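In terms of the UniProt record's numbering, the sequence shown opens at residue 1 and continues consecutively.
Built from N, CA and C at the ideal position, the CB exists for glycine as well.
Everything numeric in this text was worked out from a predicted model, so none of it was measured.
So the structure is just underneath, and the comments pick up after that.
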Amino acid sequence: MNLTRFGSKNQGLNSLLHQSAQWRRLDAHIKRHLPANLHSHFHTACVDGGCLVVLAANSMAASRLRMMLPALVPQLQSIDSAIQTVRVKIQPQQTPPPKAKAAQLSPTAKAACADAAAQLAHHPQLAAALNALSRKS
């Protein structure tokens, strides 16, 4: 899909495309000048009132970025002259919720549990557990 073609017809979309390209350039420029082990722990967010906002995934990355980024401000100004300062904020990465286990017994396994329960009359608790398992859907 060629968004540039659609952007030429829609001024709002065109503005967003240019802004997105600007963030990617800033992000790539910053990452070129910082250690590779930090790259996956931050991304640029926006330029707000002359301040470039960088979002860090954790406090370790944020503290390293706070030490290193001020030295890059002159180079960042070559990309966007509006940048005067840099601010680092912590925004933890969203982790997906754990998946619920969806294990189900086959009809054969349910029948085997019921048969085993019938043979374990001398162990009533175990037989009850196997019966409950065989009835579970």
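query: For a quick check, are the C-beta atoms of leucine 76 and histidine 41 less than 8 Å apart?; result: no
query: Do alanine 127 and residue 146 come within 8 Å of each other at the CB atom, strictly closer than that value?; result: Only positions 1 to 137 of the chain appear in the structure, and residue 146 is not among them; the question remains open.
query: Beta-carbon separation of leucine 38 and alanine 45 under 8 Å?; result: no
query: Are the CB atoms of valine 53 and lysine 99 within a distance shorter than 8 Å?; result: no
query: Taking the alpha carbon of aspartate 27 as the reference point, which residue from Gln19, His43, Ala111 has its own alpha carbon closest?; result: His43
query: Leaving out five residues before and five after glutamine 91 in sequence, what residues of the same chain have Cβ atoms less than 6 Å from its Cβ?; result: Leu55
query: Who are alanine 56's beta bridge partners in DSSP?; result: Phe42, Ile90
query: From the DSSP output, which residues share a beta bridge with serine 73?; result: Note on identity: in this sequence residue 73 is valine, with serine being the wrong assignment. Bridge partners of valine 73: none, in fact.
query: Going by DSSP in three states, threonine 95 sits in which element: helix, strand or coil?; result: coil
query: Leaving out five residues on either side along the sequence, give the residues of the same chain with a beta carbon under 6 Å from the beta carbon of alanine 116.; result: Leu130
query: I think histidine 33 touches leucine 65, with their Cβ atoms under 8 Å apart; what is that distance to the nearest whole Å?; result: Not quite, the Cβ-Cβ distance comes to about 11 Å (not below 8 Å), so this is no contact.
query: Since glycine 50 and glutamine 84 should fall inside the 8 Å C-beta cutoff, what is the C-beta to C-beta distance between them, to a whole number of angstroms?; result: 4 Å
query: Leaving out the 5 sequence neighbours to the left and right, which residues in its chain are closer than 7 Å to methionine 68 when beta-carbon positions are compared?; result: Leu34
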